[in-house]
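Note sheet for the following structure.
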Amino acid sequence: MILVYSEEITPRIKYIAELIFTQILQVEVTFTTNSSDFEKSSLAKINYSFQKFNNEFYIKPHRLMHSKALITPTINSVWYEGERYFFESSEDSVFPFEPFAASFYLVTRHEEYMEQNHDKLDRYPAERSILTKYNLLKKPIVNIWANLIAEKLQEKFPELVFPERKFKFLSTIDIDNAWAYSHKGFLRTFGALAKSITQGNFQELKSRLKVLTGVENDPYDSYKYLDSVFNGNEDKVKFFFLLGDYGRYDKNLSHKNKHYKKLIRKTKEKYDIGIHPSFASSQKKGNKKVKIEKQRLESISKEGVQKSRQHFLKLKLPKTYRQLIKAGITEDYTMGYSTQPGFRAGICTPYYFYDLKNEATTNLLIVPFQIMDGTLHHYLKLEPKEAFQEIENIMQEVKNVGGTFVSVWHNETVNNTGLWQGYQPVFEKMNKIGFEWANATNE
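Counting from 11, one number per residue, gives the positions in the sequence shown under my numbering.
Following this line, the structure appears as structure tokens:
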């Protein structure tokens, strides 16, 4: 057990200490505001106050951890062991930077509350993040800092033992559009054929007709292939289904479509499933839409739904997470960027959402992802070999700290045709290595 002393145990201090010690380092933590009790205690202990007593393990807290206002903090950079970190601490502290405040700033996404510049879809841009500015986006820096704290504590308290943290792997699939051409209904199919003709897109017309006449398989129908890749590791896979009403950014089949409903039920037999809240749910009356879409999936699957990932990764804090909580969602998988791989919140351990405006820890578990197919192909324009190298590098970073690696792919991106030629082997190698690493740690 770790004992933490501070003049005041604020909600922020309690939250980040429990995240660092309980969730990442997997040891218990307790708190005291009594300096005498602290000095007498035989526990491994940290003085996290504005006054150092003797030769104890001391970290001077940044003012951010005692603030009750949502304001932009003063951020000064500092070098430590060849890395440039932020939130400068005092000379008598164990570290020249303040790891608790820096971690709190990252995982709560404090900077996203303050940012006014967003991309064309009104999303927080990766290039505005402090992790991008400090060249730390591809490092699970919160986990790394937790390990630094653990190492220094063990030097001070040799009897202190931290459990070994094991690598976990999670492969997730978003179903934005279940089929390219099949099962769309007469009106949608006729309209698509007419559009191909009027626009002179005869290649698409040819492909569509081949699928509709049964000559070729639908290019998005990759479900049997996915089963073959995931065989024996179904417990490490999740599917997210889009069930919003048809719109500009939401073009999946109707939740009433019998083929789509059959696909969902068949998928549920093998895998864990969740809702993919529509783009429209992030707009006006979003609360109502999320609940409706969640209820649709529950009605089709005949079971409760607790997991979600936002379509287009539309995440606005704290609005989106509050919507999900009200809808009964307890796990969200949206935390990541569309334009860059890496660690949006600086962490690769699932953690609970802290609502900065309410200054309260919630019961919504955030499961960050690090890699998305569209990031590698559309934004970074990587060749398959380069894409795999990027994935492998990130996976190794996660493995180094015993974290959870999460990837995002889509049913249409693993078909090895068209724009995605060559990416199927990348997907296969990623899963093969990931499953092997995860299974090896569980033996």
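Beta carbons are placed, not taken as given, at the ideal position from N, Cα and C, and that holds for glycine.
Between S103 and I56, the gap from beta carbon to beta carbon reaches 7 Å or more. Ranked by how close their Cα comes to the Cα of K329, the residues D365, Y230, T349 have D365 in first place. For A337, no beta strand (DSSP E) encloses it; the enclosing alpha helix (DSSP H) starts and ends at 329-337. In its chain, beyond the 5 residues on either side, F250, H286, R319, V418, H420 have a beta carbon closer than 7 Å to the beta carbon of D184. Judged by DSSP in its simplified three-state form, D342 adopts strand. Going by DSSP, L116 is part of the alpha helix (DSSP H) stretching over 109-117.
If you check the CB distance, L180 and V416 come in under 7 Å.
For N65, the number of other beta carbons within 10 angstroms of its own is below 16, and it is reported as exposed. Check the Cα spacing between Y361 and each of T349, K178, D342, K367: the tightest is with D342. Under the three-state reduction of DSSP, E400 is assigned to helix. Residue environment for R306: buried (at least 16 other C-beta atoms within 10 angstroms of its C-beta). In the DSSP assignment, G284 falls within the unbroken beta strand (DSSP E) covering 282-285. Around the CB of K78, fewer than 16 other CB atoms lie within 10 Å, so the residue is classed as exposed. Contact check between the region 365-385 and the region 393-410: three or more CB pairs, one atom from each, fall below 8 Å, which counts as touching. Between G356 and I151, the gap from beta carbon to beta carbon is short of 7 Å.
By the Cβ neighbour-count rule, E407 is buried, with 16 or more other Cβ atoms within 10 Å of its own. Residue state for E446 is assigned as helix, using DSSP reduced to three classes. In the structure shown, the three-state DSSP call for A370 is strand. Nearest to T42 by C-alpha distance, out of E438, K50, N267, is K50.
The region 322-338 makes contact with the region 116-136, as at least three CB pairs between them are under 8 Å.
Approximately 7 Å separates the beta-carbon atoms of F48 and L13; this is inside 8 Å, confirming the contact.
At least 7 Å separates the beta-carbon of K176 from that of G338. By the CB criterion at 7 Å, F289 and Y331 fall outside the cutoff.
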